[in-house]
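Written below as structure tokens is the structure these notes are about.
There are 2 protein chains.
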Amino acid sequence: MGSPLPRDPIADAQRNWERHGWGEVAAPMAAITAIMRTQQILLGRIEGVLKPYGLTFARYELLALLSFARSGALPMNKASALLQVHPTSVTNAVDRLEKAALVVRSPHPTDGRTTLIELTAEGRTLAKRATTALNNEVFGHSGFGDEDVEHLIRVLGDFRKAAGDFTD
Amino acid sequence: MGSPLPRDPIADAQRNWERHGWGEVAAPMAAITAIMRTQQILLGRIEGVLKPYGLTFARYELLALLSFARSGALPMNKASALLQVHPTSVTNAVDRLEKAALVVRSPHPTDGRTTLIELTAEGRTLAKRATTALNNEVFGHSGFGDEDVEHLIRVLGDFRKAAGDFTD
DNA sequence: TCCAAACCCTTGGATGTCCTAGTATATTGC
DNA sequence: GCAATATACTAGGACATCCAAGGGTTTGGA
């Protein structure tokens, strides 16, 4: 999006916060802003790797989730809960995946309100290939040290739990 | 978006990765996924606080950036670089902020290609109030411990630097 | 001097996310 | 058994982000 800046804009923001007498919250502000930016960078990398497969991250996540389900099928509401996104986002993703013949919608056997999302053979194949690509090109070179990875998993896990993501 | 899940879906994903022989990259995958989810949670909180002010996070960031500029004005391309978003995103944000009379566009005095974004008096006032709200309601209760905040700033700072965000 | 290359901003299009409503199906309770 | 409530999915709308392209302005080398 541009060449490297001469200075870290988030560190600058933190200094501005302190300079304005908000020193108490300057560090958390910087940490939160850094999380936002890091997510943006990672998402960009992931989307870049997935593009050749005709997938976006949202669609890949759904495909991957289905590929781990016993039967290769899940109710839409289940997928929405597990992916932690709004139901309409799942509808959107399924619409496009279905158009690409990677999944199909089928009625739930006993509950008429529910729609099952089912992986097709191509969907399963593509999920596997995309996962390999992501493992090789993103997760395998995350840029985080092993210790930092463990720390992130723990700290962000605690945060997500406190935020009400899960009970466990 | 839903009630808490009985189990951490990211920890489950990590286990799935390991079960499929991708143990090498399971942890980084989990860490990255956790960052994505954490960003989503934080963004939701921030947007919730800003809503009463008629602001979104994108617009707030621009307003805050301008409020820290000496003259309360910045070229669009400068803002794009500092916020690290695509120029068209800035155009979009400025369109809406201008419609709300929080900023105005003015021509650059010497470079005819450049447009300056200038904070209005209301814009400056609103930025201050929104910042106070965010400090009180989000940054002040980030949910991260002091040590974790320092750790996040360091680790994510290194990551962003390695990703080419800044030289410093 | 003058034209090509570089730079700046905007428009239009594709995606994703969320929210609000609306329709259809299940469940509950009287 | 039937009405009221709850649940599941989808349609439409508001926003944000990015990319690709287009039109105007500067800069720089021939």
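Heads up: the protein sequence lines correspond to chains A and B, in order. Add 69 to the 1-based position in the first sequence for my numbering, that's all there is to it. Add 69 to the 1-based position in the second sequence for my numbering, that's all there is to it. Think of the CB as a built atom: it goes at the ideal place given N, C-alpha and C, for glycine as much as any other residue. Computed from a predicted structure; not experimentally measured.
Item	Value
Do you know offhand how far G212 (chain B)'s Cα is from Q109 (chain B)'s?	15 Å
Counting only C-beta atoms, is G141 (chain B) closer than 8 Å to chain A at any point?	no
Determine which residues share a DSSP beta bridge with S149 (chain B) and list them.	Per DSSP, none; premise fails for S149 (chain B).
Smallest Cα separation from S136 (chain B): which of B:R223, B:L221, B:A199, B:M105?	B:A199
Considering R174 (chain A), what are the terminal residues of the beta strand (DSSP E) in which it resides?	172 to 176
Can you tell me whether T194 (chain B) is helix, strand or coil according to DSSP?	helix
Give me the chain B residues within the contact set of H155 (chain A), using Cβ-Cβ distance strictly less than 8 Å, ordered along the chain.	M70
Could you check what DSSP says for F238 (chain B) in three-state terms: helix, strand or coil?	In the structure as shown, chain B starts at 70 and stops at 237, and residue 238 (chain B) therefore has no counterpart that could be examined.
Per DSSP, what are the beta-bridge partners of L203 (chain A) in this structure?	Answer by DSSP bridge pairing: none, since L203 (chain A) is not bridged.
If you draw a straight line from the alpha carbon of W91 (chain A) to that of K197 (chain A), how long is it in whole angstroms?	48 Å
Counting only beta-carbon atoms, is N85 (chain B) nearer than 8 Å to chain A?	yes
Under a three-way DSSP split, which group does T125 (chain A) fall into?	coil
Please report the distance separating the alpha-carbon of P144 (chain B) from that of I104 (chain B).	31 Å
Does any CB atom of chain A fall closer than 8 Å to the CB of R219 (chain B)?	The question names Arg, yet the displayed sequence has Glu at residue 219 (chain B). For E219 (chain B), the answer is yes, since a Cβ of chain A falls inside 8 Å of its Cβ.
Figure out for me which residue from B:E216, B:A80, B:L124 has the closest Cα to the Cα of G192 (chain B).	B:L124
Helix, strand or coil for T179 (chain A) per DSSP?	coil
Taking Cβ positions only, does R182 (chain B) come closer than 8 Å to chain A?	no
Determine whether the Cβ of V94 (chain A) lies closer than 8 Å to any Cβ atom of chain B.	yes
Could you tell me the alpha carbon to alpha carbon distance between L234 (chain B) and V154 (chain A), rounded to whole angstroms?	Sequence inspection shows Asp at residue 234 (chain B); the Leu mentioned does not correspond to that position. In a straight line, the C-alpha of D234 (chain B) is about 29 Å away from that of V154 (chain A).
For the segment 192 to 218 of chain B, list every residue whose C-beta sits within 7 Å of some C-beta in chain A, in sequence order.	N204, F208, G209, S211, G212, F213, D217, V218
With a cut-off of 8 Å, do at least 3 Cβ pairs link the segment 220 to 234 of chain A to the segment 214 to 221 of chain B?	yes
Strictly below 8 Å CB to CB, what residues from chain A border L111 (chain B)?	I101, I104, M105
Is the beta carbon of L131 (chain B) closer than 8 Å to that of L152 (chain B)?	yes
Skipping 5 residues on each side, what residues in its chain have a beta carbon closer than 6 Å to that of R76 (chain A)?	none
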